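Data block below; observations after.
2 protein chains.
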Amino acid sequence: MKVLTKKTDYAIRALLMLGAKRGSYVSARTIAVEQDMPYQFLRGVLQEMIRHDLIVSKEGVQGGFMLEKDPDEIRVKQLIEIFQGTVQVSECMFRKQICANRSRCVLRHEIMRIEQVVNNEFEQVTIGKLLRKLTLADHVMLASGNMEATENK
Amino acid sequence: MKVLTKKTDYAIRALLMLGAKRGSYVSARTIAVEQDMPYQFLRGVLQEMIRHDLIVSKEGVQGGFMLEKDPDEIRVKQLIEIFQGTVQVSECMFRKQICANRSRCVLRHEIMRIEQVVNNEFEQVTIGKLLRKLTLADHVMLASGNMEATENK
DNA sequence: TTAATTGATATCAATATAGTGTCAGTTTAG
DNA sequence: CTAAACTGACACTATATTGATATCAATTAA
Numbered sequence: 615m616k617v618l619t620k621k622t623d624y625a626i627r628a629l630l631m632l633g634a635k636r637g638s639y640v641s642a643r644t645i646a647v648e649q650d651m652p653y654q655f656l657r658g659v660l661q662e663m664i665r666h667d668l669i670v671s672k673e674g675v676q677g678g679f680m681l682e683k684d685p686d687e688i689r690v691k692q693l694i695e696i697f698q699g700t701v702q703v704s705e706c707m708f709r710k711q712i713c714a715n716r717s718r719c720v721l722r723h724e725i726m727r728i729e730q731v732v733n734n735e736f737e738q739v740t741i742g743k744l745l746r747k748l749t750l751a752d753h754v755m756l757a758s759g760n761m762e763a764t765e766n767k
Numbered sequence: 615m616k617v618l619t620k621k622t623d624y625a626i627r628a629l630l631m632l633g634a635k636r637g638s639y640v641s642a643r644t645i646a647v648e649q650d651m652p653y654q655f656l657r658g659v660l661q662e663m664i665r666h667d668l669i670v671s672k673e674g675v676q677g678g679f680m681l682e683k684d685p686d687e688i689r690v691k692q693l694i695e696i697f698q699g700t701v702q703v704s705e706c707m708f709r710k711q712i713c714a715n716r717s718r719c720v721l722r723h724e725i726m727r728i729e730q731v732v733n734n735e736f737e738q739v740t741i742g743k744l745l746r747k748l749t750l751a752d753h754v755m756l757a758s759g760n761m762e763a764t765e766n767k
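Respectively, the protein sequence lines represent chains A and B.
Take any residue in the first sequence, count from 1 to its spot, add 614: that is its number in my numbering.
Take any residue in the second sequence, count from 1 to its spot, add 614: that is its number in my numbering.
The structure is reproduced here in structure tokens:
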């Protein structure tokens, strides 16, 4: 059971990078290299985020992508929805056709409850929160002199 | 994002059926027909559950499957683990290699926390609990005269 | 003018999920 | 003792999802 797919993972990390460099354009190439993501794949992810007004782009030399929304208003929940579709337990479950199978109904009811819990959690996590944790962690590392984890191969 | 795969879904519903008919053997054919599941596929699921000592089987005519464990001790969490592998956010995350990428680390940390929440929820749901909800729901339905949902096509 | 870029797609590869088929062995009813 | 109803154990196919690559036109700055 994999909670985040590559697309969502790349999206979040790209946003974190854009969030850290707010105000300037960062190219897909730069993000791909620094975050070790497949270039073309990442581009698709970035374009999807443009369509959802999370970021803006500038073409040509010195172009790239820039954060559009307030990091605190970009929720991981939304990213999951964009790249993985709504969190759902199993298919069907249309209101109209009350499911023909009792045990399936009982199961669904229980799972939908858990679904709510998960959604709630992902709703709480924003790019802003992650950004703050990121910089906080880096401060701790700098203070302790432990730098390896900050390096990029 | 799909929480339960068909295998897990079938497994749970098969167990509910075995739980409702404890003490007697129920054949894969019967379960498949009554619960509307693909016969051969279900058989694979049942065999997997035998390997994990959740159920026992008897070969030959009048044979079938029977619940082995106490329904209250069969947790949906375990079924998910058997049929979908441990709940994990993304691959890797081995303790030894501290991840080379800071933003990935921060993300992981947050996701692992949510993972805990989800695991906890699934840990609470047992076949026993579902069985009780099932029979309770049926009583309510019988009382209100609403029978359609109990019928099988 | 050229190189660095995005926009827009098309296509492919890899993996995971879902489902089918076959055959040997077991058991019970007749 | 035989036929039919079963499970055990696999091998296989199909479909869907995910992950990744490739191409080409348009844009922009140096």
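For glycine and all other residues, C-beta sits at the position ideal for the given N, C-alpha and C.
None of these values were measured; they are calculated from a predicted model.
Burial state of residue i (16 or more Cβ within 10 Å)
{"i": "V731(A)", "result": "exposed"}
{"i": "G633(B)", "result": "buried"}
{"i": "Y653(B)", "result": "exposed"}
{"i": "T622(A)", "result": "buried"}
{"i": "K672(A)", "result": "exposed"}
{"i": "R627(B)", "result": "buried"}
{"i": "Q661(B)", "result": "exposed"}
{"i": "Q676(A)", "result": "exposed"}
{"i": "G674(A)", "result": "exposed"}
{"i": "G678(A)", "result": "buried"}
Distance CB(residue i)-CB(residue j) smaller than 8 Å
{"i": "V615(B)", "j": "Q698(A)", "result": "Just to set this straight, residue 615(B) is Met in the shown sequence, not Val. Yes. Within cutoff."}
{"i": "Y624(A)", "j": "M651(A)", "result": "yes"}
{"i": "L693(B)", "j": "R636(B)", "result": "no"}
Length of the line joining the Cα atoms of residue i and residue j
{"i": "S641(A)", "j": "L745(A)", "result": "19 Å"}
{"i": "I728(A)", "j": "E735(B)", "result": "7 Å"}
{"i": "L656(B)", "j": "L629(B)", "result": "12 Å"}
{"i": "S717(B)", "j": "I741(A)", "result": "11 Å"}
{"i": "V647(B)", "j": "L750(A)", "result": "58 Å"}
{"i": "I696(B)", "j": "V617(B)", "result": "14 Å"}
{"i": "E765(A)", "j": "H723(B)", "result": "Summary for E765(A): the model assigns pLDDT 39, below 50, so the residue's position carries little reliability, and this model does not support an answer."}
{"i": "V690(B)", "j": "K620(B)", "result": "14 Å"}
{"i": "S638(A)", "j": "H666(A)", "result": "20 Å"}
{"i": "K683(B)", "j": "M631(B)", "result": "14 Å"}
{"i": "N733(B)", "j": "R643(A)", "result": "37 Å"}
{"i": "Q649(A)", "j": "N715(B)", "result": "7 Å"}
From the options, residue whose alpha carbon lies closest to that of residue i
{"i": "L668(B)", "options": "E687(B), G637(B) and R643(B)", "result": "E687(B)"}
{"i": "V739(B)", "options": "V675(A), L721(A), V739(A) and V670(A)", "result": "L721(A)"}
{"i": "C719(A)", "options": "N733(B), K743(B) and L748(B)", "result": "L748(B)"}
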